[in-house]
Structures are given as structure tokens and as C-alpha cells.
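Worksheet: the structure to be examined is printed underneath.
Numbering (my numbering), first residue to last: 4 to 87.
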């Protein structure tokens, strides 16, 4: 079995990801942070698509922002059409 990660290859903080999703969904979001953090907490992380590119010839064509917009639109449409 092989595991592949698919992403933009650009780092984004969880805080900025939450803000981006909130903006797309037109939500007012208040983020509360633990100023001291937690021991062993990973503060920066990103998905590398290099293996997928090398093995599968895959490369990202959609930015994270556009991917989130499309995903949110799909879910909204799905929830509307399925009456969930």
C-alpha cells in the first residue's frame, strides 16, 4: 500500500485556515487561543505533494482558497438538494 498526500504545498496556520473558511462562508468567527500553547504542540505543518507528483504525475491546479470555495459550494448544494 502507498500513501499519498495531496495539497498545495504552501503552509497555512490553523488560525488562518479557520479565518479563510469563515470568510468564504460569510461567518463571524472569534478565535480563542491558549497563549501558552501546549507542550509538544506542532505549530507549523503543510502537506507536500512531491511524492504524488513524482509517482503519479499529479500537480496541484487549484489554490487552497479556490478548493475551499468549491468544496463549501458543493456541500451547500448537496445539503440543499438532499434536504439534510
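C-beta atoms are modelled at their ideal positions from N, C-alpha and C, and glycine is treated no differently.
Q. Just to confirm, are residue 77 and residue 8 a CB contact at a threshold of 8 Å?
A. no
Q) If you run the structure through DSSP and keep just helix, strand and coil, what is residue 17? A) helix
Q: Throw me the rounded Cβ distance for the residue 25 and residue 50 pair, which I believe falls under 8 Å.
A: Residue 25 to residue 50, Cβ: 21 Å. No contact.
Q: Could you check if residue 14 is buried or exposed, using at least 16 other CB atoms within 10 Å of its CB as the buried criterion?
A: exposed
Q. When you compare only the Cα positions, how much space is there between residue 57 and residue 82?
A. 37 Å
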